[in-house]
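Positions 142 to 521 (this note's numbering) are the ones given, in order, by the sequence shown.
So the structure is just underneath, and the comments pick up after that.
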Amino acid sequence: MTSVALPEITVTKPALPPLQDYVAYLEQIWASSYVTNNGPLLRQLEGQLRERLQSPHVWFVSNGTIALQIALHAANVDGDVLTTPFSFVATSGALLWERCKPVFVDIEPRYLTIDPKKLEAALTPRTTAILATHVYGFPCAVDELAAFARAHGLKLIYDAAHTFGCELHGKPLVGYGDLSCLSFHATKIFHTIEGGAVVINNDDVLAERVKLMRSFGQWGENFRCEGINGKNSEFHAAMGLCMLPRVDALIAERREQVLLYHELLDSSEAVLPKAPEEGFKHNYAYCPIILPTAAISQAVLDDLAAVGIRARRYFFPPLNRLAYLSDTRDCPIAEDIAGRVLCLPTSTDVIPAVQHRVAGIIHDVLARSRRRIAGDHVAS
Ligand SMILES: *Cc1c(COP(=O)(O)O)cnc(C)c1O
């Protein structure tokens, strides 16, 4: 194997704009002394986001978790909520924080999103909503979920943290469901350092509540409803204004990386889940790989780490197995996959030489395990 010196690689190194672009916004902030509270840069960013997301109701908030909490709160979600076990911990964390009970519904194995066929069996008289994640930007079964929600009078909320740039049937993925929540954390494909947004579809009254609730319920001198501080600052908006014009180039770069990983690894026993091709535009923000066993997945992590390449166990543990939860349901597919899945590194540093090295290490680990199995057969 070649031994070119490669940089230390992490799975999600944040992309940053040229420093002078950010400094130009800092100069505006200093000139106006306006640093937070619905300032001019924030309003400019929200305007651009509304255009990009094709929605009149996009509210920029301080992070993706508070976006989920405000969405749940504004939509009066309580009691039991049907949700996915295969997501980042913030999905069920937001439910618990809002004193809702997450009722876990297993995922379907192809796109790893909540299985609409399994909703019915998890329904209780206290169910008020579905909170589903478009994991890795793979679209949930939006039509089936919408039909089920309509039939049972449930709110349909999406954790859309991974979806910036994804479009289904020509419409941004956040346009589906009653509400969608985005994260603009530094590790996401579009980021504002910390940040997020709530997108409200077809409900002006709900949109108004979200807007009030993110800022103490305050309107002028009046306090119209209960609220929280979910506002974001001019400094974060400035990063968004720098990154938004770059996001399509970042998506194009990620696409090349993901397609190369697929080419290098498709012949192996590992499974590389892919977004649907029909009518869907993906953002290639993550490159998940499902190894044959948990032990092989751990060996891949260790061997990559030994050469300074950090892959991540996105997403482990399965959320129905969080130690502090009692009374949760079994989700055998999510539990199995969470034990075997990794996300391969995809950032601007991940040049093809790095990708060839990553794929080489995975092929080596798989070959070692095949030899071990063959050896066991001979020995027995
Ligand atoms: C990142 C992420 C969040 C949380 O977003 P923050 O902005 O970090 O609070 C929620 N859900 C999923 C699926 C995520 O990946």
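Just so it is clear, CB atoms sit at the ideal spot from N, CA and C, and this is done for glycine as well.
Residues that Ile341 bridges to, as DSSP identifies them: Answer is Leu320.
Nearest-angstrom Cβ-Cβ length linking Ala231 and Ala338, presumed shorter than 8 Å: Contact between Ala231 and Ala338 fails: their C-beta atoms lie close to 15 Å from each other, not under 8 Å.
Complete beta strand (DSSP E) runs within the stretch 424 to 494 (minimum length 3 residues, chain order): For the stretch 424 to 494, whole beta strand (DSSP E) runs of length 3 or above, ordered along the chain, are 428 to 431 and 482 to 485.
Pro250 and Ile474 closer than 9 Å at C-beta: Yes, the pair counts as a contact, with Cβ atoms nearer than the cut-off.
heavy atom of ligand 1 below 8 Å from Glu335 C-beta: Between ligand 1 and Glu335, a heavy atom-to-CB distance of less than 8 Å is present.
Pick from Val388, Glu418 and Cys428 that is closest to Glu404, judged by C-alpha positions: Ranking Val388, Glu418 and Cys428 by Cα distance to Glu404 puts Cys428 first.
Minimum C-alpha distance to Thr269 - residue among Val244, Leu253 and Phe279: Minimum Cα-Cα distance from Thr269 among the listed residues Val244, Leu253 and Phe279 corresponds to Val244.
Neighbour-count burial assignment, Glu192, 16 or more Cβ in a 10 Å radius: Taking a 10 Å sphere around the C-beta of Glu192, we find fewer than 16 other C-beta atoms and assign the residue as exposed.
Through-space distance from Thr206 to Val276, alpha-carbon basis: Distance from the CA atom of Val276 to the CA atom of Thr206, rounded to whole angstroms, is 15 Å.
Neighbourhood of Ala416 by C-beta distance below 6 Å, restricted to the same chain and skipping five residues each side: Result list for Ala416: Phe279 and His423, in chain order.
Per-residue burial, Thr434 [other beta carbons within 10 Å of its own, 16 or more giving buried]: Counting Cβ neighbours within 10 Å, Thr434 comes out exposed, since fewer than 16 surround it.
Ile478 vs Ile248 beta-carbon contact at 9 Å: In this structure, Ile248 lies closer than 9 Å to Ile478 by Cβ.
Buried versus exposed call for Trp200 [16 or more other C-beta atoms within 10 Å across all chains shown]: The residue is buried, with at least 16 neighbouring Cβ atoms inside 10 Å.
Inter-residue spacing [alpha-carbon to alpha-carbon] between Ala446 and Ser228: C-alpha separation (whole angstroms): 24 Å.
Ala270 in three-state terms, based on DSSP: Per DSSP, reduced to three states, the secondary structure at Ala270 is strand.
Stretch-stretch touch, CB-based, cutoff 8 Å, three pairs: the stretch 495 to 515 with the stretch 459 to 468: Segments in contact, no.
C-alpha gap between Glu397 and Asn217, whole angstroms: Distance between the alpha carbons of Glu397 and Asn217: 42 Å.
For Phe245, three-class secondary structure by DSSP: Phe245 falls in the strand class under three-state DSSP.
Alpha-carbon spacing of Ile150 relative to Glu261, whole angstroms: The straight-line gap from Cα to Cα measures roughly 43 Å.
Under the three-state DSSP convention, the category Ile330 falls into: Ile330: coil per DSSP, three-state reduction.
Residues bridged to Ser356 (per DSSP): BP columns for Ser356 point to Asn370.
Length at least 3, wholly inside the stretch 187 to 253: the beta strand (DSSP E) runs in chain order: Listed in chain order, the complete beta strand (DSSP E) runs (minimum 3 residues) inside the stretch 187 to 253 are 199 to 202, 221 to 224 and 242 to 245.
With 16 other Cβ atoms within 10 Å as the buried cut-off, status of Ile514: Counting other Cβ atoms within 10 Å of its Cβ, Ile514 stays below 16 and is therefore classed as exposed.
Presumed contact (8 Å Cβ cut-off) between Cys472 and Pro459, rounded CB distance: Contact holds; Cβ gap of about 6 Å.
Sheet register partners of Pro159 (DSSP bridge): Looking at the DSSP assignment, Pro159 forms no beta bridge with any residue, so it has no partner.
For Glu261, three-class secondary structure by DSSP: It is helical.
Nearest to Ser196 (by Cα), restricted to the options Leu237, Gln185 and Val315: Out of Leu237, Gln185 and Val315, Val315 has the C-alpha closest to the C-alpha of Ser196.
Cross-strand partners of Phe364 (DSSP beta bridge): Note: Phe364 sits in a beta bridge opposite Gln359.
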